[in-house]
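Input: a single structure, listed below in structure tokens.
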Amino acid sequence: MIKDNLEKVQARINQVDHTQFVTLIAVSKTRSTDELQQAIDTGQQHFAENYLQEALVKINHLKGQSLIWHFIGPIQSNKTLQIAQNFDWVHSIDRLKIAKRLNNQRPKFLPKLKVLLQINIDNEPTKSGVLVKQIDELITHFENLKNLTLRGFMCIPNPSNSEQNFTRMANIIKQYSNLDVLSMGMSHDLESAIANGATFVRIGTDIFGKRT
Ligand SMILES: *Cc1c(COP(=O)(O)O)cnc(C)c1O
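So that you can map any letter, position 89 of the sequence shown is 209 in my numbering, and since no number is skipped, the others follow by simple counting.
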């Protein structure tokens, strides 16, 4: 049951030795609005989605329940308008062009869009994300993007050496005193992510069950 699963995940989070505040984000891609509602009924507030069209249906259905929506999927240019209009957080910014479009398209009546850079921490050419050596230059541009607030980094490290890369992420964010969010850790590795300073964990399978 989703309620029991949420309690188990929260208990796992609490068991890790840490001092930072950790927000549990329920990754709800492929899940029905009924399943999300079960999580909401237990008090879950943060949800993350990867696919825009699917997400918009759920956001619309579940309106008025003070939910916080995170976009965590790859972003093509033609998706930025609806992301800017419908989400509170975007974790998957990997290039300046996308950040500029989100900035220009964020409605003025909404609070600033909170954003994270997705870091390609494994430096794998086939993976999306900003390379570590590109971070400094990219960050300089955010000062001019007045409708965005850059808060930190997200990563999806290769499971083979995720622990080591969580530690690297923790060291990288220390260099930026104005950044306070590290989105890292999924169902299988949330403990080591939190031990290394994660402030957002993104959990799908261990809340909702295996995706088909
Ligand atoms: C699907 C997904 C998750 C959740 O993964 P689980 O292993 O199901 O917990 C987290 N982050 C991103 C970016 C995802 O696409």
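We treat Cβ as the ideally placed atom computed from N, Cα and C, and that holds for glycine.
This structure is a prediction, so every number in the text was calculated from the model and none was measured.
Relative to ligand 1, VAL147 has its C-beta within less than 7 angstroms of a heavy atom. If you draw a straight line from the Cα of LYS294 to the Cα of ASN316, it comes to about 12 angstroms. For THR319, the Cβ stays outside the 7 angstroms cut-off from all heavy atoms of ligand 1. Exclusion of the five residues before and after LYS234 leaves ASP208, TRP209, THR269, ARG271 as the residues of its chain whose Cβ lies within less than 7 angstroms of its Cβ. The beta carbon of VAL129 is closer than 7 angstroms to those of LEU144, ILE323, ASP326, ILE327 in its chain, skipping five residues each way along the sequence.
For VAL252 and MET289, the gap between their C-alpha atoms comes out near 9 angstroms. Per DSSP, VAL210 lies in no alpha helix (DSSP H); the unbroken beta strand (DSSP E) holding it starts and ends at 209 to 213. Taking 7 angstroms as the cut-off, one finds at least one heavy atom of ligand 1 near enough to the beta carbon of ILE192.
Taking all protein chains shown into account, SER280 has fewer than 16 neighbouring C-beta atoms within 10 Å of its C-beta and is therefore exposed. With fewer than 16 other Cβ atoms from the protein chains shown falling within 10 Å of its own Cβ, GLN185 counts as exposed. At a cut-off of 7 angstroms, the beta-carbon of ARG226 does not count as near ligand 1: no heavy atom of the ligand is closer than that.
Judged by DSSP secondary structure, GLN185 falls outside any alpha helix (DSSP H); it is assigned neither H nor E. In this structure, THR150 and LYS178 do not form a Cβ contact; the two beta carbons are roughly 11 angstroms apart against a cut-off of 8 angstroms. A check of alpha carbon separations from ILE241 across VAL321, SER282, LYS232, LEU222 identifies SER282 as the nearest.
For the set THR162, HIS138, ASP137, ALA131, the Cα lying nearest the Cα of LYS123 is the one of THR162.
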